[in-house]
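J.:
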Amino acid sequence: EQAYAVGVAMSENGRVRGPWRQLETPLYPANGGHGMLFEEKDGSLWFTLHTPNDKYREHLAFYKVEGDGAMHLKLRRDE
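In this note's numbering, the protein residues as written are 9 to 87.
1) Could you give the distance in angstroms between the alpha-carbon of residue 26 and the alpha-carbon of residue 19?
2) List the endpoints of the continuous beta strand (DSSP E) containing residue 15.
3) Thinking just about the alpha-carbon of each residue, which of 68, 51, 53, 52 is nearest to the one in residue 59?
4) Can you look up residue 35 in the DSSP assignment and give me helix, strand or coil?
5) For residue 72 and residue 29, I'd like the C-alpha separation in whole angstroms.
6) By the DSSP assignment, the beta strand (DSSP E) with residue 43 in it spans what residues?
7) Just to confirm the assignment, what range does the beta strand (DSSP E) spanning residue 72 have?
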């Protein structure tokens, strides 16, 4: 069961107060959460989260954000 995911919401007017629209497709549908973006010292952008949502198997996962900034996560079979 994949009961935990990372969704995406976008401001319709570019302002932090919105209004906001939630995208239908989760960014990370594979039972992980509490994602965040961070910039490495070399300027590269990364996305990190914990996965899976399981007390004994949970660990951090890191994904590099490539190119134009669009996030297309490539999940391995074991995730």
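Ideal Cβ placement from N, Cα and C applies to all residues, glycine included.
Bear in mind the structure is a predicted one, so any value in this text is a computation, not a measurement.
T.: Judging by the given coordinates:
1) 5 Å
2) It is not in any beta strand (DSSP E) - residue 15 carries neither H nor E in the DSSP assignment.
3) 68
4) coil
5) 25 Å
6) 41–47
7) 67–73
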